[in-house]
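Student:
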Amino acid sequence: MLPNLQHYTVAQSVREAVLLLTRNEGARIIAGGTVIARSSSPRITQLVDITKAGMDYIAEDDTGVRIGATVTFSAARESPILRKVGSGIIAQAADHFSSAIVRNMATIGGDMLSPYNWADIPPILLVLDAKLRFMGARELIVPVERYTEMRKELGLDFMLLTDIIIEREPADRCGVFLKFGRTKSDIGIVTIAATANVEGKKLSTVRLAVAGVTSQAIRLPSAEAAAEGKAVSDDVLVAAATAALQDVTPASDVRATSEYRAELLQVAVKRALAQLASQEGSS
Ligand SMILES: Cc1cc2nc3c(=O)[nH]c(=O)nc-3n(C[C@H](O)[C@H](O)[C@H](O)COP(=O)(O)OP(=O)(O)OC[C@H]3O[C@@H](n4cnc5c(N)ncnc54)[C@H](O)[C@@H]3O)c2cc1C
Numbered sequence: 268m269l270p271n272l273q274h275y276t277v278a279q280s281v282r283e284a285v286l287l288l289t290r291n292e293g294a295r296i297i298a299g300g301t302v303i304a305r306s307s308s309p310r311i312t313q314l315v316d317i318t319k320a321g322m323d324y325i326a327e328d329d330t331g332v333r334i335g336a337t338v339t340f341s342a343a344r345e346s347p348i349l350r351k352v353g354s355g356i357i358a359q360a361a362d363h364f365s366s367a368i369v370r371n372m373a374t375i376g377g378d379m380l381s382p383y384n385w386a387d388i389p390p391i392l393l394v395l396d397a398k399l400r401f402m403g404a405r406e407l408i409v410p411v412e413r414y415t416e417m418r419k420e421l422g423l424d425f426m427l428l429t430d431i432i433i434e435r436e437p438a439d440r441c442g443v444f445l446k447f448g449r450t451k452s453d454i455g456i457v458t459i460a461a462t463a464n465v466e467g468k469k470l471s472t473v474r475l476a477v478a479g480v481t482s483q484a485i486r487l488p489s490a491e492a493a494a495e496g497k498a499v500s501d502d503v504l505v506a507a508a509t510a511a512l513q514d515v516t517p518a519s520d521v522r523a524t525s526e527y528r529a530e531l532l533q534v535a536v537k538r539a540l541a542q543l544a545s546q547e548g549s550s
């Protein structure tokens with residue numbers, strides 16, 4: 268419950284949403300509402316609903332793909348364009364996302380900005396080298412890789428995320444998304460996303476990122492380096508899985524101990540790379 272909520276306003280355009288957001292310090296965006304509706308922040312006095320503001324598009328041209336911030340997981344799952352991006356990595360995540368009711372409301376933009384360390388979209392956008400476009404007093408384009416570091420400095424929490432930009436080269440890479448949870452649709456204990464160009468069994472431009480392992484989604488640069496330019500073999504898989512533990516120290520919580528997550532992380536890295544290698548010829 269939001270104890271000080273006074274206004275609920277449905278913005279009819281991006282411009283109107285930005286105006287409402289900048290006019291009132293207590294204004295916050297609501298998209299699908301599956302996260303913010305559970306907030307009890309006393310600072311929020313107004314919610315600006317952006318579901319009618321015209322950001323529910325998925326567009327493709329020669330330069331790449333743009334995903335509007337209010338595209339839902341259901342729409343992403345059905346999109347022929349997203350079924351091709353990174354071998355359909357976003358659609359794969361949507362297949363494993365909660366129930367149909369939540370998928371119909373939850374947005375891709377809301378998941379990117381959600382406070383949960385296990386959210387599915389941040390690791391996917393990391394391995395797609397995606398960029399986020401924000402609108403406020405000015406327009407800012409921020410690489411997902413630098414989002415956490417730039418968030419406070421640029422005041423991104425008080426801006427509107429309008430769309431996600433995925434350039435042609437990463438969009439055309441092979442991709443894999445794997446979520447290890449208690450059930451198919453539960454949140455991940457370890458979630459991994461991977462992309463690479465695949466030639467024969469050889470991987471290049473390898474990207475690996477995990478969620479649910481530490482306080483935020485992160486890339487695994489040592490594990491990526493262990494697989495870069497190599498033909499995938501048992502030795503390469505073991506080297507990459509071992510290297511992943513140099514990149515991250517898994518946390519303990521109610522779902523799993525640090526030791527269990529460390530084991531699962533290594534399984535996840537091996538499985539993601541092996542599945543990438545099996546997509547030979549599709550990138
Ligand atoms: C039962 C259940 C199951 C779930 N399962 C999963 C799961 O499997 N995987 C997963 O990743 N998540 C899961 N979630 C979490 C949640 O549904 C997702 O993170 C969802 O994508 C959030 O999107 P939303 O549109 O509902 O966000 P909202 O609740 O509307 O917003 C979330 C936050 O982002 C801000 N925000 C949203 N859009 C914008 C924008 N365009 N610009 C600026 N700020 C914005 C809001 O102000 C708020 O702070 C689950 C939630 C529930 C309730």
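Start counting the sequence shown at 268; every next residue gets the next number (our numbering).
We treat Cβ as the ideally placed atom computed from N, Cα and C, and that holds for glycine.
(1) Here's the rule I'm using: 16 or more other beta-carbon atoms within 10 Å means buried, otherwise exposed. How should M379 be labelled?
(2) Check this for me: beta carbons of A511 and V473, under 9 Å apart or not?
(3) Count the other CB atoms within 10 Å of the CB of Y275; is the residue buried (16 or more) or exposed (fewer)?
(4) Sort I334, S365, T450, T339 by Cα distance to V352 and report the nearest one.
(5) Hey, is A336 close to ligand 1, as in C-beta under 8 Å from one of its heavy atoms?
(6) If we count the other Cβ atoms within 10 Å of its Cβ and call it buried at 16 or more, is M268 buried or exposed?
(7) Straight-line CA distance for S550 to N464?
(8) Give me whichever residues DSSP pairs with L584 in a beta bridge.
(9) Just the Cα atoms here: how many angstroms apart are R449 and A478?
(10) Here's a check: name, in chain order, each residue in its chain whose Cβ is nearer than 6 Å to the Cβ of A498, leaving out the five neighbours to either side.
(11) What do you reckon, is the C-beta of Q273 under 8 Å from a heavy atom of ligand 3?
(12) With 16 as the cutoff for other CB atoms within 10 Å, does Y414 come out buried or exposed?
(13) Quick check: the stretch 279-288 against the stretch 315-331, are at least 3 beta-carbon pairs closer than 8 Å?
Tutor: In terms of the structure at hand:
(1) Here the question's residue 379 lines up with position 112 in the sequence shown. It counts as buried.
(2) In the sequence shown, the residue the question calls residue 511 occupies position 244. In the sequence shown, the residue the question calls residue 473 occupies position 206. No, these two residues do not count as a Cβ contact at 9 Å.
(3) Counting from one through the sequence shown, the residue named residue 275 turns up at place 8. That one is exposed.
(4) For the purposes of this step, residue 352 is taken as residue 85 along the sequence shown, with counting starting at 1. Ranking the options by Cα distance to V352, first place goes to I334.
(5) Within the sequence shown, numbered from 1, the residue matching residue 336 stands at position 69. True, at least one ligand heavy atom lies under 8 Å from that Cβ.
(6) Looking up residue 268 in the sequence shown gives position 1. Its Cβ having fewer than 16 others within 10 Å, M268 is exposed.
(7) What you label residue 550 is simply residue 283 of the sequence shown in a count that begins at 1. What you label residue 464 is simply residue 197 of the sequence shown in a count that begins at 1. In this predicted model, S550 has a pLDDT of only 49, less than 50, meaning its place in the structure is not dependable enough to derive any value.
(8) Outside the shown range of the chain (268 to 550) lies residue 584, about which nothing can therefore be said.
(9) For the purposes of this step, residue 449 is identified with residue 182 of the sequence shown, where counting begins at 1. For the purposes of this step, residue 478 is identified with residue 211 of the sequence shown, where counting begins at 1. Between R449 and A478, the C-alpha separation is close to 15 Å.
(10) Residue 498 sits at position 231 when you count from the first residue of the sequence shown. Closer than 6 Å at Cβ, skipping near neighbours: K468, K469.
(11) Looking for ligand 3 in the displayed structure turns up nothing; the ligands present are ligand 1.
(12) Counting from 1 along the sequence shown, the entry for residue 414 is found at position 147. It counts as buried.
(13) yes
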